[in-house]
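Number of protein chains: 2
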Amino acid sequence: MTYCCALRLKDGLVFISDTRTNAGVDHISVFRKLYIFGIEGKRFFTIQTSGNLATTQAVIGYLKNQLTLNQEPNLYSVNTMFEVAELVGHTLRKVIADVTADTLEQSNYYCSLLVGGQIGEEPMQLYNIYPQGNFISATKDTPFFQIGESKYGKPILDRALSYDMPIDEALRCALISFDSTLRSNVSVGMPLDVLVYKKDSLNLPEGKRINESDEYFEKISKQWSETLKKGLQDLPKPTHDYFD
Amino acid sequence: MTYCCALRLKDGLVFISDTRTNAGVDHISVFRKLYIFGIEGKRFFTIQTSGNLATTQAVIGYLKNQLTLNQEPNLYSVNTMFEVAELVGHTLRKVIADVTADTLEQSNYYCSLLVGGQIGEEPMQLYNIYPQGNFISATKDTPFFQIGESKYGKPILDRALSYDMPIDEALRCALISFDSTLRSNVSVGMPLDVLVYKKDSLNLPEGKRINESDEYFEKISKQWSETLKKGLQDLPKPTHDYFD
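Listed below in structure tokens is the structure:
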């Protein structure tokens, strides 16, 4: 499986992806699932992928090939983030249609994508693209999307994340969401790819790779365990009628 | 869906079940999924159910019918908790075999069960019974089982629960696991049924039903939100390389 999460906040965008792929528990590999595109000073966006690895690599492959051969439309010729999402969605639909031309088992080849970024003076956008190629965009009410193994890490986002939060606090929230998922499900695994984009910067951040020996991640993971244990102990004791 | 959770601790057993059933989002009902059996001073156990409602009600129906008609073996005639689990497992397998005699679509009729309790001087036991009627038992290493919509509430149990924990603290941990699930998934819903059994008491606790207006649950839910938000703020700030 996979876990990818993306946040669209007042002050910027945060993207985190794991790197574990598996075809059975005895066939585990590391593949990057966070791809960065852009032109310094003009446009920046990432694509995060979850699902069939051949499908996701084909989608990225087609999109990069269009850029290499300068075929239009491509990721650097379209005008808006909406058109980026459309192009990615069309590409995904085409890849799935090609591979399933002779079969009805489309869902084996499904993948989901998150696309977030900014073009010129347009506001930042974040899209969740479905296997059918259609998509929804993040809002102030729902400032995050998850794809893949999303349930373990959803409660902390539901509870603590808000659109107006400072980026660094939201980043910690998303990292804890990953830490919870890593601990509860072995199909999501280190290293993690993290990328923070600051609103209107139009730069191309490199992002950071978190390995198992990452000191900061280890520190917040340990502190979070203590926070939860202490938090539970500090809750008021159950009333008597729980024990009748 | 459903969420049921059961803990087997050094000092006792804790059982919590939600009560929401749904056949589509426009067909939601309240059904109890935690059943209590026993003979005061001699044996006590609960059965928690998740999955096809007709299957789970048939299983409980057969088990009660055996008691009413005094057919052996029955839940009060078998000698050990292992035999209780076997009887429940056989009954489940029979119910599914009956309803699927003319179809290959067995999985539509699946359900999972948790059976926990104590008979006489035997140690307390907790079993997770699969749709095929076979089962596994909880251990010191893995002192809890979940059935149904289990992922949202698993991180807090993985992180904070241990076999040696005092019952009241483990109960708070399990209640928080439910609170997280209730917030993140509308297919799990109030009221909750909670039951605590103290080791070697061999009494038949009534258990408690938690409604939406329950003061204690509301209090710990609110305090937990504050714990998480404060805990996030107290984590050390991300290092600079996250923002490059």
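For the record, the sequence lines run as chains V and U.
Counting from 1261, one number per residue, gives the positions in the first sequence under this note's numbering.
Counting from 1261, one number per residue, gives the positions in the second sequence under this note's numbering.
Using N, Cα and C, we set each Cβ at its ideal position, and we do this for glycine too.
Span separating the alpha-carbon of residue i from that of residue j
| i | j | result |
| --- | --- | --- |
| Val1456 of chain V | Trp1484 of chain U | 28 Å |
| Tyr1387 of chain V | Gly1349 of chain V | 10 Å |
| Val1446 of chain U | Leu1431 of chain V | 27 Å |
| Glu1332 of chain V | Thr1306 of chain V | 20 Å |
| Tyr1423 of chain U | Ala1266 of chain U | 12 Å |
| Arg1469 of chain V | Gln1378 of chain V | 22 Å |
| Asp1418 of chain U | Thr1441 of chain U | 15 Å |
| Gln1317 of chain U | Asp1474 of chain U | 28 Å |
| Phe1477 of chain U | Leu1323 of chain U | 33 Å |
| Ser1461 of chain U | Glu1382 of chain U | 12 Å |
| Glu1346 of chain U | Gln1406 of chain U | 19 Å |
| Met1261 of chain V | His1500 of chain V | 44 Å |
| Asn1339 of chain V | Met1384 of chain V | 13 Å |
| Glu1466 of chain U | Lys1270 of chain U | 21 Å |
| Lys1490 of chain V | Gly1376 of chain U | 29 Å |
| Asp1504 of chain V | Ala1314 of chain U | 30 Å |
| Phe1395 of chain V | Asn1325 of chain U | 52 Å |
| Asn1471 of chain V | Met1341 of chain V | 31 Å |
| Phe1438 of chain U | Leu1452 of chain U | 9 Å |
| Pro1505 of chain V | Tyr1369 of chain V | Nothing can be reported for residue 1505 of chain V, as the shown portion of chain V is limited to 1261 through 1504. |
| Ala1434 of chain U | Ile1276 of chain U | 8 Å |
| Glu1365 of chain V | Phe1291 of chain U | 36 Å |
| Phe1297 of chain V | Asn1463 of chain V | 11 Å |
| Lys1459 of chain V | Gly1272 of chain U | 53 Å |
| Asn1312 of chain V | Gly1321 of chain U | 44 Å |
| Asp1286 of chain V | Gly1449 of chain V | 14 Å |
| Pro1496 of chain V | Glu1409 of chain U | 27 Å |
| Thr1363 of chain U | Thr1309 of chain U | 23 Å |
| Ile1427 of chain U | Val1274 of chain U | 8 Å |
| Ala1357 of chain U | Ile1436 of chain U | 37 Å |
| Glu1343 of chain V | Asn1334 of chain V | 10 Å |
| Asn1282 of chain V | Cys1371 of chain V | 14 Å |
Integer Cβ distance of residue i from residue j, believed to fall under 8 Å
| i | j | result |
| --- | --- | --- |
| Leu1329 of chain V | Tyr1336 of chain V | Actually they are not in contact, since the Cβ atoms of Leu1329 of chain V and Tyr1336 of chain V sit about 12 Å apart, beyond 8 Å. |
| Pro1415 of chain U | Arg1280 of chain V | At roughly 18 Å, the Cβ-Cβ gap does not stay under 8 Å, so Pro1415 of chain U and Arg1280 of chain V are not in contact. |
| Tyr1263 of chain U | Asp1278 of chain U | 5 Å |
| Glu1429 of chain V | Leu1492 of chain U | 6 Å |
| Pro1403 of chain V | Leu1421 of chain V | 7 Å |
| Gly1380 of chain V | Lys1302 of chain V | 7 Å |
| Val1454 of chain V | Tyr1502 of chain U | 6 Å |
Min CB distance residue i to chain V below 9 Å
| i | result |
| --- | --- |
| Val1456 of chain U | yes |
| Ser1440 of chain U | yes |
| Gln1483 of chain U | yes |
| Thr1499 of chain U | yes |
| Leu1321 of chain U | Inspection of the sequence shows that residue 1321 of chain U is occupied by Gly rather than by Leu. By this cut-off, Gly1321 of chain U is not an interface position. |
| Gly1413 of chain U | yes |
| Glu1429 of chain U | yes |
| Phe1304 of chain U | no |
| Arg1432 of chain U | yes |
Cutoff 9 Å: residue i Cβ touching any chain U Cβ
| i | result |
| --- | --- |
| Gly1377 of chain V | no |
| Lys1489 of chain V | yes |
| Gln1493 of chain V | yes |
| Glu1300 of chain V | no |
| Glu1466 of chain V | yes |
| Leu1435 of chain V | yes |
| Asn1445 of chain V | yes |
| Glu1382 of chain V | no |
| Asp1453 of chain V | no |
| Asp1420 of chain V | With the sequence shown as reference, residue 1420 of chain V is identified as Ala, and Asp is not the correct amino acid for it. Closer than 9 Å: yes. |
| Phe1275 of chain V | no |
| Pro1496 of chain V | yes |
| Phe1405 of chain V | no |
| Ile1389 of chain V | no |
| Phe1503 of chain V | yes |
| Tyr1476 of chain V | yes |
| Ile1296 of chain V | no |
| Lys1479 of chain V | yes |
| Ile1307 of chain V | no |
| Ile1416 of chain V | yes |
Neighbour flag for residue i against chain A, beta carbons, 9 Å
| i | result |
| --- | --- |
| Arg1353 of chain U | Of the protein chains in the structure, V and U, none is chain A. |
> Per the contact definition of three or more C-beta pairs closer than 8 Å, is the segment 1345–1355 of chain U in contact with the segment 1388–1397 of chain U?
Replying inline: Yes: at least three Cβ pairs fall under 8 Å.
> Would you say the segment 1396–1408 of chain V touches the segment 1472–1483 of chain V, given that touching needs at least three Cβ pairs under 8 Å?
Replying inline: Contact fails between the segment 1396–1408 of chain V and the segment 1472–1483 of chain V, because fewer than three Cβ pairs, one in each stretch, are under 8 Å apart.
>> For a minimum of 4 consecutive residues, which ranges assigned as the alpha helix (DSSP H) are wholly contained in the segment 1396–1434 of chain V?
In response: The alpha helix (DSSP H) runs lying completely inside the segment 1396–1434 of chain V and spanning 4 residues or more are 1414–1420, given in chain order.
> If you scan the segment 1287–1349 of chain U from start to end, which runs of the beta strand (DSSP E) of 3 or more residues do you find wholly inside it?
Replying inline: If we require 3 residues or more, the beta strand (DSSP E) runs fully inside the segment 1287–1349 of chain U come out as 1288–1290, 1294–1299 and 1303–1311.
> Which whole runs of the beta strand (DSSP E) in the segment 1348–1392 of chain U are 3 residues long or more, in chain order?
Replying inline: Entirely contained in the segment 1348–1392 of chain U, the beta strand (DSSP E) runs reaching 3 residues are, in chain order, 1371–1379 and 1385–1389.
> In the segment 1424–1486 of chain U, which residue ranges form an unbroken alpha helix (DSSP H) of at least 4 residues, counting only runs that do not cross its ends?
Replying inline: Correct list: 1427–1444.
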